[in-house]
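Novice:
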Amino acid sequence: MMKEKIYIDKEFWEDIYSSEEYFMKDMEINEGNDGEDEFETKVFHIIKEKTVLDVGCGEGYFSLKMAECARKVVGIDFSDKAISLSQINLFLSKKANVKFCIADASMLPFTEETFDVTEETFDVIISRREPVTATTKTLTEAYRVLNKGGSLIEITIGEHDKISLKEVFGRGQLYGIKGKVADLKRRMLEADFRFIKIKEYKAFEIFQNLDDLIIKLETTPIIFDFDAHQDKKYLNQIRETYMTNTGIKTEIHRLIIIARK
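All residue numbers for the sequence shown refer to the working numbering, where the first residue is -18 and numbers rise by one.
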């Protein structure tokens, strides 16, 4: 049985959303199918005219994008800074069918099978990078607030993601974990989800230089407690071992999870 471990913590993300580097992080090149486009296609097919909860909404960009075809979207995040940014983006978008609020996936502020103070039925839960499937508690909470027949769809990190980097550092997100898909299915069934489908995607992410990789590691939880100065020997090893003419090639491993209540 895989031991549950939450790699996300509020303090980490408050620092990230306050850093200038966070808004510079998308400098890598992807090679292959990482599942992201397919995830969005599935999401927009499912949410048409539905009431949607976006768990772990960050700055709210995807929530606002979903609002173009969903009936209503509520984005939640446990980061005060993220919700502040999402409120600014909401104001600039002038969308009337979106709401953002601070909340934790392990204690959703909604009553059973209803959502928001108007007690609208809740149709779909959307999640990126594991806020919903992280633990049995978060799965149980998602199931509790989801309307009967409602759908959960999440894209999250697989155990082989950035595995070559984690082997150099000897630590990292999901490092040493095996059997994530089987464990995830077990926990979802225990939370009473049904019609569970999990699809894996493997691709590559190429960083043109070490500085770009450092920004990525500083703005994500790939390597726990990453510090460019203290981890200099590992960075040098990565440059010597993995640098090619096109850059530093690293693994992407994603899971798309779809289930129903």
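A virtual CB, placed ideally from N, CA and C, is assigned to each residue, including glycine. What you are looking at is a predicted structure, and each value in this text was computed from that prediction instead of being measured.
Mark Pro202 as exposed unless 16 or more other C-beta atoms lie within 10 angstroms of its C-beta, in which case mark it buried.
Specialist: Residue mapping note: residue 202 aligns to position 221 of the sequence shown, counting from 1. Buried is the call here.
Novice: I need the straight-line Cα distance from Ile10 to Thr92, nearest angstrom please.
Specialist: Walking along the sequence shown from the start, residue 10 turns up at place 29. Walking along the sequence shown from the start, residue 92 turns up at place 111. Approximately 42 Å between the Cα atoms of the pair.
Novice: Whose CA, out of Asp193, Leu194, Ile179, lies closest to the CA of Phe20?
Specialist: As a working note, residue 20 is residue 39 in the sequence shown. If we check each option's Cα against that of Phe20, Ile179 comes out closest.
Novice: I need the DSSP call for Ile233, collapsed to helix, strand or coil.
Specialist: The residue you call residue 233 lines up with position 252 of the sequence shown. Three-state DSSP puts Ile233 in a strand.
Novice: Just to confirm before moving on: does the CB-CB distance between Ser145 and Asp104 stay below 9 Å?
Specialist: As a first step, residue 145 must be located in the sequence shown, where it is residue number 164. As a first step, residue 104 must be located in the sequence shown, where it is residue number 123. Contact: no.
Novice: Between the alpha carbons of Tyr188 and Lys129, how many angstroms are there, rounded?
Specialist: One-based indexing of the sequence shown puts residue 188 at position 207. One-based indexing of the sequence shown puts residue 129 at position 148. It should be noted that the sequence gives Phe, not Tyr, for residue 188. Looking at the two C-alpha atoms, the distance is approximately 44 Å.
Novice: Identify the residues that DSSP records as bridge partners of Phe91: which are they?
Specialist: What you label residue 91 is simply residue 110 of the sequence shown in a count that begins at 1. Paired residue(s): none; Phe91 is not in a bridge.
Novice: How about Leu155 and Ile138: do their beta carbons lie closer than 9 Å?
Specialist: Residue mapping note: residue 155 aligns to position 174 of the sequence shown, counting from 1. Residue mapping note: residue 138 aligns to position 157 of the sequence shown, counting from 1. In this structure, Ile138 lies closer than 9 Å to Leu155 by Cβ.
Novice: Below 8 Å on the Cβ atoms is my guess for Ile136 versus Ile237; work out the distance and round it to an integer in Å.
Specialist: One-based indexing of the sequence shown puts residue 136 at position 155. One-based indexing of the sequence shown puts residue 237 at position 256. Contact flag correct, Cβ pair sits at about 5 Å.
Novice: Once DSSP output is grouped into helix, strand and coil, what is the label at Tyr245?
Specialist: Coverage of the chain is limited to positions -18 through 242, which leaves residue 245 absent and any answer about it impossible.
Novice: Is DSSP giving Glu100 helix, strand or coil here?
Specialist: In the sequence shown, the residue the question calls residue 100 occupies position 119. Note that Glu100 has pLDDT 49, beneath the 50 cutoff, so the model's placement of it is unreliable and the number below is only indicative. Three-state result, Glu100: coil.
Novice: For a test of the three-state rule: what should DSSP assign to Asp206, helix, strand or coil?
Specialist: As a first step, residue 206 is located in the sequence shown; it is residue number 225 there, counting from the start. Here Asp206 sits in coil by DSSP.
Novice: Output the distance between the C-alpha atoms of Glu181 and Ile69, rounded to the nearest integer angstrom.
Specialist: Stepping through the sequence shown from its first residue, residue 181 is reached at position 200. Stepping through the sequence shown from its first residue, residue 69 is reached at position 88. Distance between the alpha carbons of Glu181 and Ile69 is about 35 Å.
Novice: Could you check the C-alpha separation between Glu12 and Glu232 for me, to the nearest Å?
Specialist: The residue you call residue 12 lines up with position 31 of the sequence shown. The residue you call residue 232 lines up with position 251 of the sequence shown. Answer to the nearest angstrom: the Cα atoms are 10 Å apart.
Novice: Asn70 by DSSP, collapsed to three states: which one?
Specialist: Start at 1 with the first residue of the sequence shown, and residue 70 comes out as number 89. The answer is helix: DSSP assigns Asn70 an H, G or I state.
Novice: Using 10 angstroms around the beta-carbon of Thr222, count the other beta-carbons present and answer buried if the total reaches 16, otherwise exposed.
Specialist: Sequence index remark: in the sequence shown, residue 222 carries index 241 (1-based). Classification for Thr222: exposed.
Novice: From what residue to what residue does the alpha helix (DSSP H) around Val274 run?
Specialist: It is not possible to answer for residue 274, since the shown part of the chain is limited to -18 through 242.
Novice: Can you list, in chain order, the residues of its chain with a C-beta nearer than 7 Å to that of Arg168? Leave out the 5 residues immediately preceding and following it.
Specialist: To locate residue 168, count along the sequence shown from 1; it is residue 187. Here the set comprises Thr117, Leu120.
Novice: Count the other C-beta atoms from every protein chain shown that fall within 10 angstroms of the C-beta of Pro90, then say buried if there are 16 or more, exposed otherwise.
Specialist: For the purposes of this step, residue 90 is taken as residue 109 along the sequence shown, with counting starting at 1. With fewer than 16 Cβ atoms within 10 Å of its Cβ, Pro90 is classed as exposed.
Novice: Can you grab the Cα-Cα spacing for the pair Ile107 / Val36, in whole Å?
Specialist: As a first step, residue 107 is located in the sequence shown; it is residue number 126 there, counting from the start. As a first step, residue 36 is located in the sequence shown; it is residue number 55 there, counting from the start. CA-CA distance, Ile107 to Val36, rounds to 6 Å.
Novice: Here's the rule I'm using: 16 or more other beta-carbon atoms within 10 Å means buried, otherwise exposed. How should Asp173 be labelled?
Specialist: Taking the first residue of the sequence shown as position 1, residue 173 is located at position 192. Classification for Asp173: exposed.
Novice: Checking 9 Å against the spacing of the C-beta atoms, do Ala77 and Gly41 come in under that value?
Specialist: As a first step, residue 77 must be located in the sequence shown, where it is residue number 96. As a first step, residue 41 must be located in the sequence shown, where it is residue number 60. Going by C-beta atoms, Ala77 is not nearer than 9 Å to Gly41.
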